[in-house]
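In terms of the UniProt record's numbering, the sequence shown has 19 at position 19, counting the first letter as 1, and numbering is strictly consecutive. Glycine included, each C-beta is placed from N, C-alpha and C at the ideal position. Before any comments, here is the structure.
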Amino acid sequence: MKRRHFLGALTGAAVAPRISWAGVRVELVAHPVEAQILFDDFPPTPMLGFNGTTPGPALRVRQGDFLDLLFRNQIKDGSAVHWHGVRSDNAMDGVPGLTQDIVEPGAEFAYRLRVPDAGTFWYHSHNRSWEQVAKGLYGPLIVEETSPPDVDHDLIVLIDDWRMTEAGALAPGFDNRHDQAHQGRLGNFARALIDPGGPVRRGDRLRLRLINVATDRIFPIDLGGLEGKIVALDGMPLPTPQPITDVVLAPAQRVDIIADVTATNRVTFDFPVSDGPYALGEILVDGENTNRRSGRITALPPNRMPTPDLEQMAILQLTMQGGAMSSAMRSQTDIWAFNEQSGLTNIPFHRFERGQTARITLMNDTRFAHGIHLHGHHFFELNDAGDLGAFRDTTLVNPGEKRDILCVFDNPGKWLLHCHMLGHQAAGMKTWIDVA
Ligand code: C2O
Ligand code: CU
1 MKRRHFLGAL
11 TGAAVAPRIS
21 WAGVRVELVA
31 HPVEAQILFD
41 DFPPTPMLGF
51 NGTTPGPALR
61 VRQGDFLDLL
71 FRNQIKDGSA
81 VHWHGVRSDN
91 AMDGVPGLTQ
101 DIVEPGAEFA
111 YRLRVPDAGT
121 FWYHSHNRSW
131 EQVAKGLYGP
141 LIVEETSPPD
151 VDHDLIVLID
161 DWRMTEAGAL
171 APGFDNRHDQ
181 AHQGRLGNFA
191 RALIDPGGPV
201 RRGDRLRLRL
211 INVATDRIFP
221 IDLGGLEGKI
231 VALDGMPLPT
241 PQPITDVVLA
251 PAQRVDIIAD
261 VTATNRVTFD
271 FPVSDGPYAL
281 GEILVDGENT
291 NRRSGRITAL
301 PPNRMPTPDL
311 EQMAILQLTM
321 QGGAMSSAMR
331 SQTDIWAFNE
341 QSGLTNIPFH
351 RFERGQTARI
361 TLMNDTRFAH
371 GIHLHGHHFF
381 ELNDAGDLGA
391 FRDTTLVNPG
401 EKRDILCVFD
411 NPGKWLLHCH
421 MLGHQAAGMK
431 TWIDVA
């Protein structure tokens, strides 16, 4: 896709409708949809969606509520829905083969889970996710604070890329082994989907909920026309908000920003690439907020954080191996591994006593970056000095680097631990843990 296509497609962006969810049972129906991914003189693209659209509807619930949701599968393959980042009951985690049976075509499954944490989450297919997420089976899940921060607009910004053909279809080859052995299936077309919902003025205070829903692409984002702070990562509030100069989202990661509009005409979302910034999206600015806030941007109310037991913690290592250009390149089907093991077996990476703390060193012994995601828990990233950093569910580990994480395994059940570059997950980079 040429660059002008990239820019041109910003008009006519399809946006998900908003569902104001009030605690009643909601149906989430997966089925084929058509979406205007490319700009208007291309035909619509056959995709998969929920309730008629891709992205699926934005689910908004209040902290502590139950998400009571009937999933009906009307696509031609089995599926299941995972609530990414939600510290849910294990039985509701949506992982076929580990926490539930696959939901066959024509069948349904009732998900009922409590959402303990306020923040920005998302839901997505967890069966053949590298194909079903690439085709559009995902949507935002927003859990509102009991007393939300005072802003003029609370906006979801979904960032995705798609690999398109010149005819406006999704390129085939979701199981392409060459992609999987490299960075995964990278799109040739990317966009930030934003629904401003109403006019945005200079001086308005925005809450932006950035979610990287791409299967494999890491997005650094340059924001223009705003002044503010990062207030949460992966749904979890930062005790000290951070500057918005280094915004990077690995697949599945979220960044919440609270910022004041300083631009007179547009707020911009750029993806810096070697030949210059690609415009992913923008918010048009019209008029002036004469009642501007002078208060500084403060931390969001914290979610429950476990207290790590540093005296008695397990010390573990998880090494990422395999992929292209690796001496440890595995077989054609099991391209990637953790600790010499590809894919799931009966034996978990580790069995934890409920409440046990562990420090896990994630070693990236490959030529590619990996975004490592743990289900059912958040963990602390440890900085170089060994201090507790952000409390996340997905951490990006660059080639040749290592990251220590500290986790209190307080949620009983069988939980997946995998690379969220979904092509890597497809090709073996996954394991599981058992919390008794
Ligand atoms: Cu976003 Cu295994 O999940
Ligand atoms: Cu990976």
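Host alpha helix (DSSP H) of residue i (start-end)
i: alanine 324; result: Taken as a continuous stretch (DSSP letters only), alanine 324 belongs to no alpha helix (DSSP H), as it is neither H nor E.
i: alanine 358; result: Looking at the DSSP string, alanine 358 is not in any alpha helix (DSSP H); the run it does join, the beta strand (DSSP E), is 356-364.
i: alanine 426; result: 422-426
i: glutamate 381; result: It is not in any alpha helix (DSSP H) - glutamate 381 instead sits in the beta strand (DSSP E) that spans 379-382.
i: serine 342; result: Unbroken run through serine 342: none, as it is neither H nor E.
i: serine 79; result: Serine 79 -> no alpha helix (DSSP H), and no H or E assigned at all.
i: glutamate 131; result: 129-132
Residue i: CB within 6 Å of a non-hydrogen atom of the ligand C2O
i: residue 460; result: Since the first residue of the chain shown is 1 and the last is 436, residue 460 is not available in this structure.
i: histidine 84; result: yes
i: leucine 158; result: no
i: leucine 233; result: no
i: aspartate 416; result: In the sequence under discussion, the amino acid at residue 416 is leucine, which differs from the aspartate named in the question. Answer for leucine 416: yes, Cβ within range of the ligand C2O.
Residue i CB to nearest heavy atom of the ligand CU below 6 Å
i: cysteine 419; result: yes
i: histidine 424; result: yes
i: methionine 305; result: no
i: histidine 178; result: no
i: methionine 164; result: no
i: histidine 350; result: no
i: histidine 370; result: yes
Bridge partner(s) assigned by DSSP for residue i
i: methionine 313; result: Looking at the DSSP assignment, methionine 313 forms no beta bridge with any residue, so it has no partner.
i: valine 267; result: Ile283
i: aspartate 404; result: Thr361
i: glutamate 353; result: Beta-bridge pairing links glutamate 353 to no other residue.
i: arginine 72; result: Val29, Glu108
i: isoleucine 156; result: Arg209
i: histidine 373; result: Thr394, His418
i: methionine 164; result: Leu170
i: leucine 67; result: Leu113
i: leucine 318; result: Leu362
i: valine 273; result: Gly276
i: glycine 413; result: Val435
i: valine 103; result: Ser79
i: alanine 35; result: Thr45
i: threonine 53; result: Phe50
i: leucine 388; result: Leu382
Opening and closing residue of the beta strand (DSSP E) in which residue i lies
i: leucine 396; result: 394-397
i: aspartate 179; result: Looking at the DSSP string, aspartate 179 is not in any beta strand (DSSP E); the run it does join, the alpha helix (DSSP H), is 177-181.
i: alanine 192; result: 189-194
i: glutamate 108; result: 108-114
i: serine 88; result: Careful: serine 88 lies outside any beta strand (DSSP E) and carries neither H nor E.
i: proline 96; result: That residue, proline 96, is in no beta strand (DSSP E); it is neither H nor E in DSSP.
i: lysine 135; result: Per DSSP, lysine 135 belongs to no beta strand (DSSP E) and is neither H nor E.
i: valine 435; result: 430-435
i: phenylalanine 121; result: 119-125
i: phenylalanine 50; result: 45-50
Residue i Cβ short of 6 Å to the ligand MN heavy atom set
i: methionine 429; result: Ligands present in the displayed structure are limited to the ligand C2O and the ligand CU, and the ligand MN is not among them.
### Task
Check whether the region 248-262 touches the region 305-314, taking contact to mean three or more Cβ pairs, one atom from each stretch, closer than 8 Å.
Taking a cut-off of 8 Å for Cβ pairs, the region 248-262 and the region 305-314 do not touch, as fewer than three such pairs fall below it.
### Message
I want to know whether the region 191-198 touches the region 150-159 - three or more CB-CB distances under 8 Å.
### Response
yes
### Query
Would you call the region 241-251 and the region 270-277 in contact, with 3 or more CB pairs under 8 Å?
no
#### Entry: Ordered list of beta strand (DSSP E) runs contained in the UniProt domain "Plastocyanin-like" (196-263), each at least 3 residues
200-202, 205-212, 219-224, 226-233, 236-243, 247-249, 254-261
### Message
Closer than 8 Å is the cut-off here; do at least three beta carbon pairs connect the region 166-182 with the region 94-109?
### Response
no
### Task
Would you be able to state if there are at least three C-beta pairs under 8 Å between the region 342-354 and the region 363-375?
No, because fewer than three Cβ pairs between the region 363-375 and the region 342-354 fall closer than 8 Å, the two stretches do not touch.
### Message
Can you confirm whether the region 426-435 touches the region 332-343 when touching is taken to mean that 3 or more C-beta pairs between the two stretches lie within less than 8 Å?
### Response
yes
### Message
Three Cβ pairs or more, each shorter than 8 Å: is that satisfied between the region 22-42 and the region 72-82?
### Response
yes
### Query
Are three or more beta carbon pairs between the region 279-299 and the region 262-270 nearer than 8 Å?
Taking 8 Å as the limit for Cβ pairs, the verdict is that the region 262-270 does touch the region 279-299.
### Message
Taking 8 Å as the cut-off, does the region 51-65 touch the region 117-129 (at least 3 CB pairs, one atom from each stretch)?
### Response
yes
### Query
Just checking, does the region 210-222 make contact with the region 355-362 on the three C-beta pairs under 8 Å criterion?
Not touching, per the Cβ criterion.
### Task
Say whether the region 34-53 touches the region 131-151, bearing in mind that this needs 3 or more beta-carbon pairs closer than 8 Å, one atom from each stretch.
yes
### Task
Could you say if the region 224-241 and the region 391-407 meet the contact criterion of at least three C-beta pairs nearer than 8 Å?
The way I'd put it, the region 224-241 does touch the region 391-407; three or more beta-carbon pairs between them come closer than 8 Å.
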